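Each number in the working numbering corresponds to the 1-based position in the sequence shown with 1 added. All remarks here apply to the structure that follows.
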Amino acid sequence: MQSTHYQNCIDAYRTVYGGNPTHVVRAPGRVNLIGDHTDYNDGFVLPMAIDRWVWIALCGRRDGQIHLRSMEMAASAVVDLGRLATPQKGWAAYVEGVAWALRQAGFPLSGWQGVLLGEVPMGAGLSSSAALEMAVARAFATVSGFPWEPKSMALAGQRAENEWVGMNCGIMDQLISAAGQADHALCIDCRELTYEAVRLPPETAIVVLDTATQRGLVDSAYNLRRHQCEAGAAGFEVAKLRDVSPASLAAGIGELDGAIGRRVRHVVSENQRTLWAAAAMRAGDARRLGELMVASHTSLRDDFEVSSPALDHMVASALENDGCLGARMTGAGFGGCAVALVAAEAMEAFIPSVAVAYRARMGTTPRIYPCRASAGAEQIWAHDEMGE
Ligand code: GLA
């Protein structure tokens, strides 16, 4: 457990508070392999937790307060558990929101002080905010002594984001950050909140391709898509688009307004692709998984209209390589990251080749990094290793 971030977090704690932390916790960011804009339609998603985390080194306090120093922001926040009333601004709202949502869900909360170190790039579409929420929830579980239940923790994180921060996200990001498994993606049923771990295909690698473009207007465009999906579900007289089968889509799509019809077609086909992708992974069929990822990108670009020129160029740059089995935009869209499935033997050539091709098309340098599928939020007993 000797990563640089782990050690830096402990060192920063000592500098800020004097003395050692008693625990270190961390929660990962995520990349979604397939199944986008399906979670809030009660559908299926197939994300994996990545090996980039939000870390917190901490120690309990007896006064019912949270004192937190963010190393990235070079700023501090204080949250009083006795006065959770009005949301603060910025990153402190996530901390407070998680405290509020956990309390609403009936978890007894104790205070703590800590240092926060984030290695999930912010604003890139890798769920740095869900990682922050789950790291804070993990810190509360540690000091307050309640067991880690991924589902209730994810629901509290989502509620914090929806009702305290004001971002109307689905459950995918929090649930994968809470429940991820090493070497596996999770096929999540977003209605039942159940999941199955499916192993990544052998001899392949997952590569995150960050366009390094700002995700402008993402919140308003995201909310508009949600409303369009609700209108589509109403048109089919079902509660959620999860309930529209491919057969009833074919029969009923002509009745819908053009844009709404395309949104519905994306969601219904994406749910199907996600289940097929999980089946392909169970069978170790990387080629099939890759084909489904490419079809997903086309659907997100043309039917759901959430891609961007940068994302389309990135996906095209990736797919030019023989060893690239599939690539697609990932997450909410409008910028941010794509994800590629690459044959392990082709990896060495893949990264520089995509960087050159993307730069030729867009004139900017992308950030490209392979990712390992990691475990969800976890606690690390710092004092065991403190004597070194
Ligand atoms: C964002 C949201 C998720 C999900 C994706 C799109 O990441 O936070 O809940 O809706 O967009 O799949």
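Just so it is clear, CB atoms sit at the ideal spot from N, CA and C, and this is done for glycine as well. It should be emphasised that the depicted structure is a prediction, and the values quoted were computed from it without experimental measurement.
What's the C-alpha gap between residue i and residue j?
{"i": "Glu321", "j": "Gly126", "result": "24 Å"}
{"i": "Pro371", "j": "Glu256", "result": "44 Å"}
{"i": "Ala311", "j": "Asp64", "result": "49 Å"}
{"i": "His314", "j": "Thr212", "result": "9 Å"}
{"i": "Ala284", "j": "Ala86", "result": "50 Å"}
{"i": "Arg15", "j": "His384", "result": "13 Å"}
{"i": "Lys152", "j": "Ile207", "result": "26 Å"}
{"i": "Gly336", "j": "Gln175", "result": "21 Å"}
{"i": "Ala356", "j": "Ile369", "result": "8 Å"}
{"i": "Tyr359", "j": "Ala341", "result": "14 Å"}
{"i": "Ala391", "j": "Leu326", "result": "Nothing about residue 391 can be read from this structure; the chain reaches only from 2 to 389."}
{"i": "Met387", "j": "Ala58", "result": "With a pLDDT of 46 at Met387, under the threshold of 50, the modelled position of this residue cannot be trusted; read the value that follows with caution. Cα-Cα distance, rounded: 12 Å."}
{"i": "Ile11", "j": "Ala131", "result": "22 Å"}
{"i": "Ala251", "j": "Asp323", "result": "35 Å"}
{"i": "Trp101", "j": "Ser318", "result": "44 Å"}
{"i": "Ser77", "j": "Tyr18", "result": "12 Å"}
{"i": "Val219", "j": "Arg227", "result": "12 Å"}
{"i": "Ala142", "j": "Arg373", "result": "26 Å"}
{"i": "Trp382", "j": "Trp54", "result": "16 Å"}
{"i": "Val265", "j": "Val245", "result": "9 Å"}
{"i": "Asp37", "j": "Gln89", "result": "30 Å"}
{"i": "Ala157", "j": "Ser4", "result": "29 Å"}
{"i": "Arg62", "j": "Ser111", "result": "7 Å"}
{"i": "Gly253", "j": "Ala94", "result": "43 Å"}
{"i": "Phe147", "j": "Leu293", "result": "40 Å"}
How is residue i classed by DSSP in three states: helix, strand or coil?
{"i": "Ala186", "result": "strand"}
{"i": "His298", "result": "helix"}
{"i": "His38", "result": "coil"}
{"i": "Phe45", "result": "strand"}
{"i": "Met387", "result": "For Met387, the predicted structure reports a pLDDT of 46, less than 50, and the residue's modelled location is therefore unreliable. The matter cannot be settled from this model."}
{"i": "Val5", "result": "Residue identity differs from the one stated: residue 5 is Thr in this sequence, not Val. Helix, per DSSP."}
{"i": "Pro353", "result": "helix"}
{"i": "Arg63", "result": "coil"}
{"i": "Gln159", "result": "helix"}
{"i": "Glu379", "result": "strand"}
{"i": "Asn272", "result": "helix"}
{"i": "Leu127", "result": "coil"}
{"i": "Ile1", "result": "No information on residue 1 is available, as it lies outside the stretch 2 to 389 that the chain covers here."}
{"i": "Leu110", "result": "coil"}
{"i": "Asp244", "result": "helix"}
{"i": "Asp52", "result": "strand"}
{"i": "Arg31", "result": "strand"}
{"i": "Gly332", "result": "coil"}
{"i": "Ala58", "result": "strand"}
{"i": "Gly395", "result": "Coverage of the chain is limited to positions 2 through 389, which leaves residue 395 absent and any answer about it impossible."}
{"i": "Leu117", "result": "strand"}
{"i": "Val25", "result": "strand"}
{"i": "Gln175", "result": "helix"}
{"i": "Ser221", "result": "helix"}
{"i": "Gly253", "result": "helix"}
{"i": "Thr16", "result": "helix"}
{"i": "Gly167", "result": "coil"}
{"i": "Ala260", "result": "helix"}
{"i": "Phe237", "result": "coil"}
{"i": "Asp303", "result": "helix"}
Going by DSSP, what residues sit across from residue i in a beta bridge?
{"i": "Arg207", "result": "Before going further, note that residue 207 is Ile rather than Arg in the sequence given. In DSSP, Ile207 forms a bridge with Leu342 and Cys372."}
{"i": "Ser77", "result": "Arg70"}
{"i": "Glu197", "result": "Cys188"}
{"i": "Trp149", "result": "In DSSP, Trp149 forms no bridge with anything."}
{"i": "Pro202", "result": "Note: Pro202 sits in no beta bridge, so no partner."}
Is residue i a contact residue of the ligand GLA, with contact defined as CB to any heavy atom under 6 Å?
{"i": "His267", "result": "no"}
{"i": "Gly332", "result": "yes"}
{"i": "Gly181", "result": "no"}
{"i": "Glu173", "result": "Contrary to the premise, residue 173 reads as Met rather than Glu in this sequence. Flag set: Cβ of Met173 near the ligand GLA."}
{"i": "His298", "result": "no"}
{"i": "Asp190", "result": "no"}
{"i": "Asp37", "result": "yes"}
{"i": "Asp40", "result": "yes"}
{"i": "Cys10", "result": "no"}
{"i": "Cys170", "result": "yes"}
Could you check whether the Cβ of residue i sits closer than 7 Å to any Cβ belonging to chain D?
{"i": "Ala378", "result": "Considering every chain present, this structure includes no chain D. It has just one protein chain."}
Task: Sufficient close CB pairs (3 or more, under 8 Å) joining the stretch 267-277 to the stretch 290-302 - done: yes
Open item on the list: Contact between the stretch 64-77 and the stretch 113-130 is defined here as three or more beta-carbon pairs at a separation below 8 Å; is this criterion met?
Closed with: yes
Open item on the list: Three Cβ pairs or more, each shorter than 8 Å: is that satisfied between the stretch 120-135 and the stretch 22-34?
Closed with: yes
Open item on the list: Count Cβ pairs between the stretch 192-203 and the stretch 276-295 that sit closer than 8 Å; are there 3 or more?
Closed with: yes
Task: Three or more C-beta pairs below 8 Å linking the stretch 167-178 and the stretch 215-230 - done: yes
Open item on the list: Quick test of the definition: if touching needs 3 or more C-beta pairs under 8 Å, does the stretch 172-187 touch the stretch 41-52?
Closed with: yes
- [ ] Please confirm if the stretch 34-43 is in contact with the stretch 234-243, defined as three or more CB-CB distances below 8 Å between the two stretches.
- [x] yes
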